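Going by our numbering, the first residue of the sequence shown is number -9, and it counts up by one from there. Report on the following structure.
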Amino acid sequence: MGLQKAVTDFVIRPARRKELERLISVYQSGYEGLEEYAERGEEDIRDYLEWLFDGDPNGFFVAEANGELVGFVSVHADWWDRRYQRRTAEIHELVVRKDWQSKGVGRALMMAALDYARAQGCEYASLWVGEGNEKARAWYRRLGFEEVGKGWGIWVRMVKPLITP
């Protein structure tokens, strides 16, 4: 009798505005234990998700498994980085439902966001991550992001070049 491996089938696809309501619970689950970095209350989360979607609808992707939404990423491909005075692909949010973490969903979402950013001609991807979120900071470093500064007291700025010379 052999060992059986669990299959974690999911797809990454563009989000639809009508799905934003379903992402509220995904957001809450993903930020469990990290609430200091999250929007609180459903109305604030809903407003935030709408802002993310409206900022770049083509840069908003969801992970779907068996008809359920289990994660999402939002990247604005035409963001101006005031600190570096350059255009960047700003990854505003990457969230995976708690029970789907460590199954490749986050990596697949990030790859979709970075592929989209490259297709839009972006040379850099940038993001802010909570300074106490060591797990995420280490994960972003493994994906090639570099910590380049801090801001607003509890946030760390990370940047990744998208075009190699």
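Ideal Cβ placement from N, Cα and C applies to all residues, glycine included. None of these values were measured; they are calculated from a predicted model.
For residue i, which residues in the same chain have their Cβ closer than 7 Å to its Cβ, ignoring the five residues on either side in sequence?
{"i": "residue 0", "result": "53, 54, 55, 60, 95"}
{"i": "residue 107", "result": "65, 67, 79, 115, 152"}
{"i": "residue 84", "result": "63, 96, 99, 100"}
{"i": "residue 92", "result": "none"}
Between which two residues does the alpha helix (DSSP H) holding residue i run?
{"i": "residue 57", "result": "First-last for residue 57: undefined, no H or E at that position."}
{"i": "residue 13", "result": "10 to 20"}
Below 6 Å CB to CB, which residues in the same chain sit around residue i once its five sequence neighbours on both sides are set aside?
{"i": "residue -5", "result": "Confidence at residue -5 is low in this model, with a pLDDT of 42, below 50, so the placement of that residue is unreliable and no value is reported for it."}
{"i": "residue 22", "result": "88"}
Quick check on the DSSP output: the beta strand (DSSP E) that includes residue i runs from which residue to which?
{"i": "residue 140", "result": "136 to 141"}
Can you find the residues in the same chain that come closer than 8 Å, C-beta to C-beta, to residue i, ignoring five residues on each side of it along the sequence?
{"i": "residue 26", "result": "120, 122, 144"}
{"i": "residue 36", "result": "10, 11, 14"}
{"i": "residue 71", "result": "77, 78, 80, 114, 116"}
Cβ of residue i within 8 Å of Cβ of residue j?
{"i": "residue 51", "j": "residue 109", "result": "no"}
{"i": "residue 118", "j": "residue 86", "result": "no"}
My parser needs the alpha helix (DSSP H) runs of 4 or more residues fully inside the stretch 52 to 96; what are they? none
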